[in-house]
Amino acid sequence: MATHCFEKFNPPEGHHPKTQFAIACSRRPFPATLASMTDPTNQLAEKMARSRDLTATTHELMNMGSAASLEMPHPVLIESAEGPYLHDVDGNQYIDFQIGFGALVLGHRHPAVEAAMLEQIQGKGWHFGLHNPGQIPLAELIVKADNCADRVIFCNTGTEATMYAIRAMRAFTSKPKIAVFDGSYHGAHDYGIGIADPESPANAPQWRANGAGVPDGIAEHQMMLPYRSEAAYGLIRENKNDLAAVIIEPAQSSNPHMGDDIGSFLAGLIDVCRESDVLIMFDEVITGFRFAYGGAQEFYGLKPDVVTYGKILGGGCPIGAVGGRADIMQLFNSLGTDPKGIMSGGTFSGNPLSMATGAAQLSWLDEHRAEIYPKLNTLGPRLADGINTFCKSHNLPVQVLNSGSMFQVYFTDQTIRTARDLPRQKTAAETAFYLHLLDLGILIPGTRRSFVSTAHTPEIIDEAIDRICAALQRVQDAGFFS
Ligand SMILES: Cc1ncc(COP(=O)(O)O)c(C=O)c1O
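For what it's worth, the working numbering labels the leading residue of the sequence shown as 1, then goes sequentially.
So this is what it looks like as structure tokens:
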């Protein structure tokens with residue numbers, strides 16, 4: 001049996017752990033307990049003994065994947081959740097900024113979603129394997145909210161949604177290539193996990209798979225474009241004869257921005273694609289029902305040809321959806337009757353539980369959209385500004401980027417315009433920071449993509465700013481930024 005122990009968390013050479021600090025935040029002084037530790041490892045080991053013991057053999061049983069990568073030698077096992085909080089098996093409470101990888105925009109166990117879930121499972125059933133009436137209201141909600149979806153198909157994840165959308169767009173255009181942008185993520189299938197070869201020029205990035213196991217041939221049908229650069233338009237024009245579609249995250253989760261230039265870049269992209277006879281797809285798996293009720297399409301006033309959804313759409317149950325122009329979407333219905341008809345399926349696709357929770361979450365968002373979206377789009381900047389002000393006043397090489405309610409902390413003071421500007425290596429300061437965050441009761445996922453929900457009140461956001469700044473202060477006091 002494998003045993004885990006916390007590796008000692010070593011302050012940089014020449015620095016000695018201090019025991020007590022009185023530190024000042026630019027906003028207000030921290031309570032001494034928040035700021036009083038340079039080495040969180042022993043304390044965390046004690047606090048998370050049950051998580052450690054329960055997972056002592058999990059590496060032999062199952063793969064915990066990226067959700068586990070919280071700078072810990074073992075995963076933090078979560079027992080329960082409520083509103084903006086998670087509780088682990090050791091009884092520790094965390095302010096949760098993972099919030100179901102962004103899916104739980106109303107927070108954990110929102111009463112309207114929970115009621116819909118209970119109504120579905122008590123007396124109706126949760127898996128039929130056949131069409132069910134719950135699909136109709138959810139499809140109607142999407143079509144009403146979305147600028148480009150005349151029709152939709154349901155699947156189980158964002159990964160499946162982008163996989164089906166890519167197949168449909170290749171079939172529709174009879175062209176093989178798909179272009180994605182440097183810094184993007186479109187799901188875990190072979191066509192979604194492209195990254196730019198870091199040695200390739202920023203304005204002509206080369207696609208390569210992130211990790212092994214992807215046949216070389218895949219790269220032949222993939223293209224990588226530079227993000228926020230008009231050089232992308234030229235590459236699309238040059239490759240238009242082979243290029244079926246361009247797919248883009250309207251805000252890249254790897255470097256969230258929401259500036260005006262993003263809207264004009266997206267608008268220009270749509271024009272170039274139309275003029276080149278290339279389809280344009282917005283991957284709204286994150287931005288859908290988050291930026292605005294109608295996603296980035298509503299926020300920027302744009303209309304692509306195809307759209308993909310996931311996350312928020314399911315109210316916390318697994319879901320994906322593809323929507324788009326009727327002439328493209330009809331390929332999903334014409335396998336065997338039209339030579340361009342495509343295969344889609346899935347044991348759980350359109351299952352009644354995801355339909356019920358998804359419709360409950362979307363209906364709530366729809367009814368309360370006038371308050372919810374201004375709130376979400378204020379809380380994200382409030383959090384980012386609070387932390388950025390602290391970092392500036394303490395000369396810390398750390399910054400937060402946000403696009404509305406999606407944010408990420410970066411350990412660099414260089415301007416980040418695109419993913420090319422992101423630090424390539426994780427620093428010791430960053431590792432230390434995330435351990436301190438856990439100790440201070442803040443959960444940011446291993447993927448670093450972080451989200452605010454409507455359950456995060458302004459008071460909770462301010463509390464989180466204090467704790468995040470306290471974690472940074474501990475890291476600075478331990479000498480990691482020297
Ligand atoms: C933009 C985007 N597309 C697709 C996916 C894949 O979705 P899923 O994790 O549900 O498969 C993600 C996941 O984070 C995403 O951010």
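The beta-carbon is built from N, C-alpha and C at its ideal position, and this holds for glycine as well.
For the putative contact between L320 and D146, defined by C-beta atoms under 8 Å, what is the C-beta separation to the nearest angstrom? Looking up residue 320 in the sequence shown gives position 320. Looking up residue 146 in the sequence shown gives position 146. A small correction: the amino acid at residue 320 is Gly; Leu does not occupy that position in the sequence shown. The Cβ separation is near 14 Å, so there is no contact.
Taking the straight line between their C-alpha atoms, what separation do you get for I465 and P381? Numbered from its first residue, the sequence shown carries residue 465 at position 465. Numbered from its first residue, the sequence shown carries residue 381 at position 381. Between I465 and P381, the C-alpha separation is close to 12 Å.
CA nearest to the CA of F348, picked from H131, D197 and T55: To locate residue 348, count along the sequence shown from 1; it is residue 348. When each option's Cα is compared against that of F348, the closest is H131.
How should F480 be labelled, buried or exposed, when 16 other C-beta atoms within 10 angstroms of its C-beta is the threshold for buried? Residue 480 sits at position 480 when you count from the first residue of the sequence shown. So F480 ends up on the buried side.
From the DSSP output, which residues share a beta bridge with A283? Along the sequence shown, read from residue 1 onward, the residue named residue 283 stands at position 283. In the sequence as displayed, the identity of residue 283 is Asp instead of Ala. Per DSSP, T308.
Quick check: P304 and C469, are their CB atoms within less than 7 Å of each other? The count along the sequence shown starts at 1 and reaches residue 304 at position 304. The count along the sequence shown starts at 1 and reaches residue 469 at position 469. No.
Leaving out the 5 sequence neighbours to the left and right, which residues in its chain are closer than 6 Å to A219 when beta-carbon positions are compared? On the sequence shown, residue 219 is found 219 positions in, with the first residue counted as 1. These residues qualify, in order along the chain: W207.
What's the C-alpha gap between Y300 and G263? Position 300 of the sequence shown, counted from the start, is the residue given in the question as residue 300. Position 263 of the sequence shown, counted from the start, is the residue given in the question as residue 263. Whole-angstrom Cα-Cα distance: 6 Å.
Please confirm whether any heavy atom of ligand 1 lies closer than 6 Å to the CB of V485. No information on residue 485 is available, as it lies outside the stretch 1 to 482 that the chain covers here.
How close, in whole Å, do the beta carbons of H186 and I247 come, if the pair is a contact with beta carbons under 8 Å? The residue you call residue 186 lines up with position 186 of the sequence shown. The residue you call residue 247 lines up with position 247 of the sequence shown. Yes, H186 and I247 are in contact; Cβ-Cβ is about 6 Å, under 8 Å.
Would you kindly report the start and end of the unbroken alpha helix (DSSP H) that includes F474? Reading the sequence shown from its first residue, position 474 is the one you call residue 474. The identity of residue 474 in the sequence shown is Arg, whereas the question assumes Phe. Per DSSP, R474 belongs to the alpha helix (DSSP H) from P458 to D477.
Closest to Y85 by CA distance: which of G441, R448 and R274 is it? Mapped onto the sequence shown, residue 85 falls at position 85. Cα-wise, what sits closest to Y85 is G441.
Determine which residues share a DSSP beta bridge with M223 and list them. Here residue 223 corresponds to residue number 223 of the sequence shown, with the count starting at 1. Partner(s): A179.
Return the chain-ordered list of same chain residues with a C-beta closer than 6 Å to the C-beta of H127, the five sequence neighbours on each side being excluded. One-based indexing of the sequence shown puts residue 127 at position 127. The residues are N351.
Three or more C-beta pairs below 8 Å linking the region 255-270 and the region 196-212: no
Can you tell me which of C317, E284, V113 and P318 puts its alpha carbon nearest to the alpha carbon of L302? Taking the first residue of the sequence shown as 1, we reach residue 302 at position 302. Taking only the C-alpha atoms, the option nearest L302 is E284.
Check whether the Cβ atoms of Q222 and G192 sit closer than 7 Å, and answer yes or no. As a position in the sequence shown, residue 222 is number 222, starting the count at 1. As a position in the sequence shown, residue 192 is number 192, starting the count at 1. Going by C-beta atoms, Q222 is not nearer than 7 Å to G192.
Indicate whether the contact test is met: 3 or more Cβ pairs, each with one atom in the region 338-348 and one in the region 420-432, closer than 8 Å. no
Inter-residue Cα distance where the pair is A165 and V307: Position 165 of the sequence shown, counting from 1, holds the residue named residue 165. Position 307 of the sequence shown, counting from 1, holds the residue named residue 307. A165 and V307: Cα-Cα distance of roughly 8 Å.
Nearest to K124 (by Cα), restricted to the options L353, T389 and Q408: Position 124 of the sequence shown, counted from the start, is the residue given in the question as residue 124. Of L353, T389 and Q408, the residue nearest in Cα terms is L353.
Could you say which of D39, L106 and N402 lies nearest to T454 if we only look at CA atoms? The residue given as residue 454 occupies position 454 in the sequence shown. Minimum Cα distance to T454 is reached at L106.
CB-CB under 6 Å to A359, same chain, minus the five flanking residues each way: which ones, in chain order? Counting from one through the sequence shown, the residue named residue 359 turns up at place 359. Within the same chain, A359 has close Cβ partners P137 and L138.
Identify the residues that DSSP records as bridge partners of P94: which are they? Against the sequence shown, residue 94 aligns to sequence position 94. The question names Pro, but residue 94 in the sequence shown is Tyr. In the DSSP output, where bridge partners are listed per residue, Y94 has L86.
Residues of its chain near E249, where Cβ-Cβ distance is below 6 Å and the 5 sequence neighbours each way are ignored: Here residue 249 refers to the residue found at position 249 when the sequence shown is read from its first residue. Within the same chain, E249 has close Cβ partners S184 and D283.
Using the three-state DSSP reduction, which class does R170 fall into: helix, strand or coil? Counting from 1 along the sequence shown, the entry for residue 170 is found at position 170. Residue state, collapsed to three classes: helix.
Please report how far the alpha carbon of E463 lies from the alpha carbon of L379, in whole angstroms. The residue you call residue 463 lines up with position 463 of the sequence shown. The residue you call residue 379 lines up with position 379 of the sequence shown. Rounded to whole angstroms, E463 to L379 spans 13 Å at the Cα level.
Pull every residue with its beta-carbon under 5 Å away from any heavy atom of ligand 1, and keep them in chain order. T157, G158, T159, H186, G187, E249, D283, V285, I286 and G310
Determine, using beta-carbon pairs with one atom in the region 370-378 and one in the region 396-410, whether at least three such pairs fall under 8 Å. yes
Report yes or no: do the region 309-317 and the region 153-160 share at least 3 C-beta pairs separated by less than 8 Å? yes
What whole-angstrom Cβ distance do A245 and I286 have, given they're in contact under 8 Å? Position 245 of the sequence shown, counted from the first residue, corresponds to residue 245. Position 286 of the sequence shown, counted from the first residue, corresponds to residue 286. No, A245 and I286 are not in contact; Cβ-Cβ is about 19 Å, not under 8 Å.
Please report the straight-line C-alpha distance between K392 and G91, rounded to a whole angstrom. Residue mapping note: residue 392 aligns to position 392 of the sequence shown, counting from 1. Residue mapping note: residue 91 aligns to position 91 of the sequence shown, counting from 1. In a straight line, the C-alpha of K392 is about 35 Å away from that of G91.
Determine the closest residue to L77 out of K47, L104, G83 and G102, with distance taken between C-alpha atoms. Counting from 1 along the sequence shown, the entry for residue 77 is found at position 77. Answer by Cα proximity: K47.
What would DSSP say about H394, mapped onto helix, strand or coil? Taking the sequence shown and counting its residues from 1, one reaches residue 394 at position 394. Note: H394 maps to coil in three-state DSSP.
Use the C-beta contact count for E430: other C-beta atoms within 10 angstroms, 16 or more gives buried, fewer gives exposed. Residue numbering aside, residue 430 sits at position 430 when the sequence shown is read from its first letter. By the neighbour-count rule (16 or more Cβ atoms within 10 Å), E430 is buried.
Where R208 sits in the DSSP three-state scheme: As a working mapping, residue 208 is identified with position 208 in the sequence shown. Of the three classes helix, strand and coil, the one that applies to R208 here is strand, per DSSP.
Helix, strand or coil at S450 [DSSP, three-state]: In the sequence shown, the residue the question calls residue 450 occupies position 450. Looking at S450 - three-state DSSP - the assignment turns out to be strand.
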